[in-house]
Amino acid sequence: MLRARSSCMPNRCAAAMEPPVIHPLFLHDFETFDAERKRVANLEDVKAFQAKWFSKGGWPEWQKPDEWAEISAYARRNRDLAEAATERDCAPKMVSYALEPEARYQYSKTLAVIDEVLFPQMHDEPRKLGSSLWHLSCDYCLISTWSEGSIYCPICGRALVYSWLGD
Ligand SMILES: [Zn+2]
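Taking numbering that gives the first Met the number 0, I'd label the letters of the sequence shown as residues 0 to 166.
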């Protein structure tokens, strides 16, 4: 179960890594956020949910070259670890918002949930990795794979999230 770290300030948290990363509202009340996410069923729900939980216009992004260098080095290191652990092809994945890792993961998972609500026809087709534009990603570890295999991230154990790279 996820618990918000009480030592964090509402918007910025420097506890886990340098550079400072953003600890968004939805991690502070994750149980409510997760319960409401499960109830999103149509476009009106999506709009209300996003307005309540997500920062309008997104969050601040990695700014300085050394911040980008650090986060991309983290992604490449995890790509190497994942490939060594699974023999699957992986790629580092960059996320520009300066969110803490759990927030990155929950944000991308939420976008996938919203996609399933708004574009259900895409999900009638089998999601075939390797021969299509479907990828499985872990935005906590910043890796993505297009090889068949476990649906769990080989590094952190979270469920990988489907993302469609087409269109
Ligand atoms: Zn992971």
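C-beta: ideal position from N, C-alpha, C; glycine also.
Under 8 Å between the Cβ atoms of L128 and L135?
yes
What runs of the alpha helix (DSSP H), each 4 residues or longer, lie entirely inside the segment 86 to 135?
100 to 117
Please report the distance separating the alpha-carbon of A34 from that of V45.
14 Å
Can you list, in chain order, the residues of its chain with a C-beta nearer than 8 Å to that of L164? Leave out the 5 residues immediately preceding and following it.
L132, W133, H134
Verify the contact flag: R103, CB atom, against every heavy atom of ligand 1, threshold strictly below 7 Å.
no
Limits of the unbroken beta strand (DSSP E) element including W163:
160 to 163
Span separating the alpha-carbon of Q62 from that of D28
27 Å
As assigned by DSSP and simplified to three states, the class of S143:
strand
What alpha helix (DSSP H) runs, 4 residues minimum, are completely inside the segment 14 to 83?
24 to 27, 29 to 38, 42 to 52
Secondary structure at C137, three-state DSSP: helix, strand or coil?
strand
Please indicate yes or no: does the CB of I150 lie closer than 7 Å to some heavy atom of ligand 1?
no
Measure from the alpha carbon of A47 to the alpha carbon of each residue in P91, L26, F32, E147, then state which is nearest.
F32
Hey, out of C89, Y96, P23, whose CA is closest to G148's CA?
C89
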